[in-house]
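**Student:**
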Amino acid sequence: MSSPKSPAINREQILWILKGMNVELSPDTKLGIDKLEHRLQKALGAAQRLSTVFSKTERDIKPTSYPFWNTQKPLAPVFRRTTWGKLFDVRNFDIMREMPHPKDAFDRILSHIQSLSEDWDREGHDFFALLKDPISKRALVIKVFSVHQVDAKTPLIFIGYDIVEGLEVADYSVYFKEFLGSGDSMVLSFVTRLEQDLFLELLSRNRRRISPDFRPHKMGLDKRCKLSFLVPITGLTQMDIAHLSKNSGCAVCGRNTASTCAACISVQYCGKECQRKDWTSHKHLCRSIASGKWYTVTLDRNPVAQIMHEVFGSNIPSSMPKWNINRFDSTTDEGLDGGDLMDASAPPNKYDEDEHFLVKIQVPIGSARKPRSMFIYDRQRSFEMHLLSEREPEAFEAALGAMGNNLKIYRWARRVGDFQWKICFDRAPERDPLW
Ligand SMILES: [Zn+2]
Ligand SMILES: [Zn+2]
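Heads up, the sequence shown is in the numbering used here, so the first residue is 418 and it goes up one at a time.
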């Protein structure tokens, strides 16, 4: 058994993984690999709410010092944390037929962790999980030792892990018996190599939080097995996304930024030299942003949900999602049990006042006659709002004109208030981003 290699996730893969977590850095970001790795680490920490669950950031966690998780209380529901956005966005893969996209690596890790919690409920005692790469035969072996209670809502799964290369599935039970004298049960899942690497990244991240004084006795795996833990993990909050998406560095060299294109304020540079270098490629975007006619519009909540709200009042069925699916905006998980639905608050804001971003504008599918509302959202769906002809007749006409015979267009926008955006309908982006 070889020791876990340091994760080998490359730059492009990190960008895809982050994108799958809704952390969208400019695709042309010149940030170096070390900075991107750091950002991925922060994202993995935030997705587990590590700084909320454990008060300090030091190496002070002793997994078995917490009381055992109440065995009467199933683990799976606590680990099955999701968000409204996710409920509409479930993708299943048959990995033997189709390779999942790197963008889905994080989501798939979430579901593997959820499966581990279900396995624990079923097994009721320690077991092995084998996360195997179907192509290279490399496997991530996880031994689940015990489950503890950090607080009433936070279980901690204490585990050991290692990477094993080159065995056939049938060989593993023999392998474990031989080397570990163990008759423990084993569950098998197929994962890609990237998913293994991302899982390793998460496990080694948590491992670094374990106290150096932690010396548990009686381990299922031998000393080559690394100790770590899992806590419930979910999507990032809107605040995390905003924080982690900011600062892509200089558009040319990735260094810290010091100046902004004064004409369009949409792109940042480390200084004049890089700005000059970038002008040939930036000028089209710059001119389209700087010269268009900008409408300031007030957008509306989902009209359907609003009607529901009026009909049901505060007795809205708990199965109704929020009017704007603010993805990942719950910092607790209260909303999933029925609270916090249909609230009237503004969408969370991830944009700076002077920041330009593309929105997608769609007319309802099947609107045979002249539509009366359009659906507007950004790439990460950090907000989803409606432009109503009744409220904004002039802007609505401009949007219809820009739409022509299309059902959707992309346009530049800026956020100026909780429900107010400035949108430029008469200048199309140089090329459609296709999301
Ligand atoms: Zn630069
Ligand atoms: Zn510019």
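Yeah, the Cβ is synthetic: ideal placement off N, Cα and C, and Gly gets one too.
The beta strand (DSSP E) that contains residue 559, what's its start and end?
**Tutor:** Here residue 559 refers to the residue found at position 142 when the sequence shown is read from its first residue. Start and end: 556–568.
**Student:** When the Cα atoms are used, what is the spatial distance from residue 577 to residue 674?
**Tutor:** Taking the first residue of the sequence shown as position 1, residue 577 is located at position 160. Taking the first residue of the sequence shown as position 1, residue 674 is located at position 257. Near 42 Å, if we compare the C-alpha coordinates of residue 674 and residue 577.
**Student:** Run the Cβ filter for me: residues under 5 Å from any heavy atom of ligand 2, listed in the order they occur in the chain.
**Tutor:** Working through the chain, the matches are 678, 680, 681 and 703.
**Student:** Please list the terminal residues of the continuous alpha helix (DSSP H) segment that includes residue 820.
**Tutor:** Taking the first residue of the sequence shown as 1, we reach residue 820 at position 403. Looking at the DSSP string, the run of the alpha helix (DSSP H) that includes residue 820 is 810–820.
**Student:** Look at the alpha carbon of residue 833 and the alpha carbon of residue 495, and state the distance between them as a whole number of angstroms.
**Tutor:** Counting from one through the sequence shown, the residue named residue 833 turns up at place 416. Counting from one through the sequence shown, the residue named residue 495 turns up at place 78. When rounded, the distance between both Cα atoms is 38 Å.
**Student:** Does the distance from the CB of residue 717 to the CB of residue 804 come in under 9 Å?
**Tutor:** Counting from 1 along the sequence shown, the entry for residue 717 is found at position 300. Counting from 1 along the sequence shown, the entry for residue 804 is found at position 387. It is a contact, given that the beta carbons lie within the stated cut-off.
**Student:** Would you mind stating whether residue 459 and residue 671 have Cβ atoms separated by less than 9 Å?
**Tutor:** Locating residue 459 in the sequence shown gives position 42, where the first residue counts as 1. Locating residue 671 in the sequence shown gives position 254, where the first residue counts as 1. Contact: no.
**Student:** Leaving out five residues before and five after residue 780 in sequence, what residues of the same chain have Cβ atoms less than 6 Å from its Cβ?
**Tutor:** Within the sequence shown, residue 780 is the residue found at index 363, counting from 1. For residue 780, where only same-chain residues beyond five positions count, the Cβ hits under 6 Å are 788, 791 and 824.
**Student:** List the DSSP bridge partners of residue 795.
**Tutor:** What you label residue 795 is simply residue 378 of the sequence shown in a count that begins at 1. Paired residue(s): 776.
**Student:** Roughly how many whole angstroms lie between the Cα atoms of residue 426 and residue 614?
**Tutor:** Numbered from its first residue, the sequence shown carries residue 426 at position 9. Numbered from its first residue, the sequence shown carries residue 614 at position 197. If you take the alpha carbons of residue 426 and residue 614, they lie about 7 Å apart.
**Student:** For residue 540, which residues of its own chain have a beta-carbon under 7 Å away from its beta-carbon, when the five flanking residues on both sides are left out?
**Tutor:** As a working note, residue 540 is residue 123 in the sequence shown. The residues are 602.
**Student:** Which partner residues of residue 802 appear in the DSSP bridge assignment?
**Tutor:** As a first step, residue 802 must be located in the sequence shown, where it is residue number 385. Answer is 793.
**Student:** Can you give the Cα-Cα distance for residue 664 and residue 850, rounded to whole angstroms?
**Tutor:** Residue 664 sits at position 247 when you count from the first residue of the sequence shown. Residue 850 sits at position 433 when you count from the first residue of the sequence shown. Each residue's alpha carbon lies about 21 Å from the other.
**Student:** The beta strand (DSSP E) that contains residue 610, what's its start and end?
**Tutor:** The residue you call residue 610 lines up with position 193 of the sequence shown. Taken as a continuous stretch (DSSP letters only), residue 610 belongs to no beta strand (DSSP E), being part of the alpha helix (DSSP H) at 610–624.
**Student:** Going by DSSP in three states, residue 463 sits in which element: helix, strand or coil?
**Tutor:** For the purposes of this step, residue 463 is taken as residue 46 along the sequence shown, with counting starting at 1. The answer is helix: DSSP assigns residue 463 an H, G or I state.
**Student:** Quick one: what does DSSP say residue 828 is sitting in, helix, strand or coil?
**Tutor:** Walking along the sequence shown from the start, residue 828 turns up at place 411. Residue 828 falls in the strand class under three-state DSSP.
**Student:** Evaluate residue 742 with the Cβ neighbour count: other Cβ atoms within 10 Å of its Cβ, from every protein chain shown; 16 or more gives buried, anything less gives exposed.
**Tutor:** Taking the first residue of the sequence shown as 1, we reach residue 742 at position 325. The pLDDT assigned to residue 742 is 37, lower than 50, so where the model puts this residue is not dependable, and the model offers no usable value.
**Student:** Once DSSP output is grouped into helix, strand and coil, what is the label at residue 571?
**Tutor:** By 1-based counting over the sequence shown, the position of residue 571 is 154. Residue 571 falls in the strand class under three-state DSSP.
**Student:** Can you determine whether any heavy atom of ligand 1 sits closer than 8 Å to the C-beta of residue 483, and answer yes or no?
**Tutor:** The sequence position of residue 483 within the sequence shown is 66, counting from 1. No, since every heavy atom of ligand 1 falls outside the 8 Å radius drawn around the Cβ of residue 483.
**Student:** Tell me whether residue 771 sits in a helix, a strand or coil according to DSSP, three-state version.
**Tutor:** If you number the sequence shown from 1, residue 771 lands on position 354. DSSP places residue 771 in coil when its eight states are reduced to three.
**Student:** Does the beta-carbon of residue 684, which I'm using as the reference point, lie nearer than 8 Å to any heavy atom of ligand 1?
**Tutor:** As a first step, residue 684 must be located in the sequence shown, where it is residue number 267. No, the beta carbon of residue 684 sits no closer than 8 Å to any heavy atom of ligand 1.
**Student:** Considering just the uninterrupted stretch of the beta strand (DSSP E) at residue 431, what are its terminal residues?
**Tutor:** Position 14 of the sequence shown holds residue 431. Premise fails: residue 431 lies in the alpha helix (DSSP H), 428–437, not in any beta strand (DSSP E).
**Student:** Return helix, strand or coil for residue 452, following the three-state DSSP convention.
**Tutor:** Translated into the one-based positions of the sequence shown, residue 452 becomes position 35. Three-state result, residue 452: helix.
**Student:** Output the distance between the C-alpha atoms of residue 703 and residue 429, rounded to the nearest integer angstrom.
**Tutor:** Looking up residue 703 in the sequence shown gives position 286. Looking up residue 429 in the sequence shown gives position 12. Cα-Cα distance, rounded: 27 Å.
**Student:** Taking 8 Å as the cut-off, does the stretch 465–484 touch the stretch 682–695 (at least 3 CB pairs, one atom from each stretch)?
**Tutor:** With the cut-off at 8 Å, the stretch 682–695 and the stretch 465–484 do not touch.
**Student:** Can the beta-carbon of residue 715 be found closer than 9 Å to that of residue 836?
**Tutor:** Along the sequence shown, one-based indexing puts residue 715 at 298. Along the sequence shown, one-based indexing puts residue 836 at 419. Yes, the pair counts as a contact, with Cβ atoms nearer than the cut-off.
**Student:** Between the alpha carbons of residue 707 and residue 660, how many angstroms are there, rounded?
**Tutor:** By 1-based counting over the sequence shown, the position of residue 707 is 290. By 1-based counting over the sequence shown, the position of residue 660 is 243. Between residue 707 and residue 660, the C-alpha separation is close to 27 Å.
**Student:** Are the stretch 529–538 and the stretch 563–574 touching, with three or more C-beta to C-beta distances below 8 Å?
**Tutor:** Touching, per the Cβ criterion.
**Student:** May I ask you to list the residues that DSSP assigns as paired with residue 715?
**Tutor:** Indexing the sequence shown from 1 puts residue 715 at position 298. Answer by DSSP bridge pairing, in chain order: 837.
**Student:** Leaving out the 5 sequence neighbours to the left and right, which residues in its chain are closer than 8 Å to residue 773 when beta-carbon positions are compared?
**Tutor:** Residue 773 sits at position 356 when you count from the first residue of the sequence shown. Once the five neighbours on either side are set aside, the close Cβ partners of residue 773 are 681, 682, 683, 706, 829, 830 and 831.
**Student:** By DSSP, does residue 605 sit in helix, in strand, or in coil?
**Tutor:** For the purposes of this step, residue 605 is identified with residue 188 of the sequence shown, where counting begins at 1. Of the three classes helix, strand and coil, the one that applies to residue 605 here is strand, per DSSP.
**Student:** Residue 570 to residue 492, Cα distance in whole Å?
**Tutor:** Taking the sequence shown and counting its residues from 1, the one referred to as residue 570 is at position 153. Taking the sequence shown and counting its residues from 1, the one referred to as residue 492 is at position 75. When rounded, the distance between both Cα atoms is 10 Å.
**Student:** Does the Cβ of residue 632 lie closer than 8 Å to at least one heavy atom of ligand 1?
**Tutor:** Counted from its first residue, the sequence shown places residue 632 at position 215. Flag unset: Cβ of residue 632 not near ligand 1.
**Student:** Got a sec? Which residues, its chain only, sit under 8 Å from residue 809 by beta carbon, not counting five neighbours each side?
**Tutor:** Walking along the sequence shown from the start, residue 809 turns up at place 392. If we look at residue 809 and ignore the five residues flanking it on each side, its Cβ neighbours are 712, 714 and 715.
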